[in-house]
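Asks: The structure's right below; bear with me while I get my questions together.
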Amino acid sequence: MYCFLEVKNLRGQVLDLIPLETVLFPYEQSGLRVTHPHLRSLIRSSLWWNRPLGVAMIKEGDLYGAPPITFEVGTLIFIQNYHLYNRYYTLHIEGRRRFQIRRLVQEQPHLRVEVEYLDSGERPYFPGNYRKLYQILDRIMLKLELGKEKSQKKKLYLSPNHEDLLGTAGMLLSGFREKKQELLESPGEKLVSSLTEVFPHYFHLEEKE
């Protein structure tokens with residue numbers, strides 16, 4: 022089952038919002054298991070009414086008490102696949118456009134927010150030196166592969182496609198949530214260049230002569 026939640030306007034869009042304990046980059050893919058009753062209701066209504074759905078990292082609070090406070094910048098998601106099993110949703114999602122929350126529309130039974138999109142188009146393009154980003158990510162993936170035990174080694178493939186590179190960058194930054202959120206909030210024209218500056222430091226890459 023596939024679902025693309027249509028977005029037409031840059032301003033005044035109302036989204037159902039899923040608070041997460043992580044950050045999702047544009048074109049990053051992730052699995053999401055939804056077990057909380059109010060979030061199951063959110064997913065069900067969003068799919069049924071084809072309402073746009075976004076995610077944002079939790080800033081204060083958690084999923085178990087009062088509605089948490091999230092960071093203001095989050096990501097619109099594309100639901101690639103979903104399954105309902107034993108009343109739990111398992112989603113396979115991909116990030117698309119970034120948004121900034123302008124106001125809270127609803128707290129209960131789940132969060133709804135009015136947002137302004139930071140990127141135009143259903144598949145936004147972020148300018149930058151993708152050749153350099155590819156070279157850096159290729160070195161990181163080789164480093165990760167060499168660090169595995171022989172029995173665990175598996176050839177890692179890095180696609181040169183611009184969207185895939187951004188998705189891979191997001192996946193590799195999963196352990197650095199605060200920095201990843203900071204990058205998500207950066208201007209679109211600086212996102213790729215910021216990534217090329219951040220990765221060598223965080224993954225301890227030596228300068229190549």
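22 is the number of the first residue of the sequence shown in the working numbering; add one for each residue after it. By construction, the Cβ of each residue, glycine as well, lies at the ideal position given by its N, Cα and C atoms. Since this is a predicted model, take the numbers as computed values, not measurements.
1) Can you confirm whether R61, when its beta carbon is compared against all beta carbons of chain D, has any partner nearer than 8 angstroms?
2) Look at the alpha carbon of N107 and the alpha carbon of H59, and state the distance between them as a whole number of angstroms.
3) So, is G116 buried or exposed, given that buried needs 16 or more other C-beta atoms within 10 angstroms?
4) Using three-state DSSP, classify T217 as helix, strand or coil.
5) Across which residues does DSSP place T91 in a beta bridge pair?
6) In this structure, how does DSSP classify I101 when only helix, strand and coil are distinguished?
7) Suppose you measure from the CA of A190 to the CA of T91; what does that come to, to the nearest Å?
8) For S195 and V44, what's the separation of their Cα atoms in angstroms?
9) State buried or exposed for E128, treating a residue as buried only when at least 16 other CB atoms are found within 10 Å of its CB.
10) Should L226 go down as buried or exposed, given a rule of 16 or more other Cβ atoms within 10 Å for buried?
11) Can you give me the C-alpha to C-alpha distance between K153 and Q121, rounded to a whole angstrom?
12) Going by beta carbon distance, what residues of the same chain come within less than 6 angstroms of Y23, once the five residues before and after it are set aside?
13) If you draw a straight line from the C-alpha of V55 to the C-alpha of R144, how long is it?
14) For the alpha helix (DSSP H) containing R160, list its first residue and its last residue.
15) Return the Cβ separation of P19 and L36 in integer angstroms, given the expectation that the two are a contact with Cβ distance under 8 angstroms.
Replies: If we stick to the structure as given:
1) The displayed structure is made up of one protein chain only, and chain D is not part of it.
2) Counting from one through the sequence shown, the residue named residue 107 turns up at place 86. Counting from one through the sequence shown, the residue named residue 59 turns up at place 38. Computed Cα separation, rounded: 16 angstroms.
3) Numbered from 1 along the sequence shown, position 95 holds the residue referred to as residue 116. Classification of G116: buried, given that the 10 Å Cβ count is 16 or more.
4) Here residue 217 refers to the residue found at position 196 of the sequence shown. The answer is helix: DSSP assigns T217 an H, G or I state.
5) Translated into the one-based positions of the sequence shown, residue 91 becomes position 70. Per DSSP, I79.
6) Taking the sequence shown and counting its residues from 1, one reaches residue 101 at position 80. It should be pointed out that residue 101 corresponds to Gln in this sequence rather than to Ile. DSSP places Q101 in strand when its eight states are reduced to three.
7) Reading the sequence shown from its first residue, position 169 is the one you call residue 190. Reading the sequence shown from its first residue, position 70 is the one you call residue 91. Computed Cα separation, rounded: 22 angstroms.
8) In the sequence shown, the residue the question calls residue 195 occupies position 174. In the sequence shown, the residue the question calls residue 44 occupies position 23. Cα-Cα distance, rounded: 7 angstroms.
9) Taking the sequence shown and counting its residues from 1, one reaches residue 128 at position 107. E128 should be labelled exposed.
10) Locating residue 226 in the sequence shown gives position 205, where the first residue counts as 1. Counting Cβ neighbours within 10 Å, L226 comes out exposed, since fewer than 16 surround it.
11) Numbered from 1 along the sequence shown, position 132 holds the residue referred to as residue 153. Numbered from 1 along the sequence shown, position 100 holds the residue referred to as residue 121. Whole-angstrom Cα-Cα distance: 29 angstroms.
12) Within the sequence shown, the letter at position 2 stands for residue 23. For Y23, the predicted model reports a pLDDT of 39, less than 50, meaning its position is unreliable and no value from the coordinates is stated.
13) Sequence index remark: in the sequence shown, residue 55 carries index 34 (1-based). Sequence index remark: in the sequence shown, residue 144 carries index 123 (1-based). Distance between the alpha carbons of V55 and R144 is about 26 angstroms.
14) Locating residue 160 in the sequence shown gives position 139, counting from the first residue. Segment Y151 to L167, the alpha helix (DSSP H) holding R160.
15) The chain is shown from 22 up to 230; residue 19 falls before or after that span and cannot be answered.
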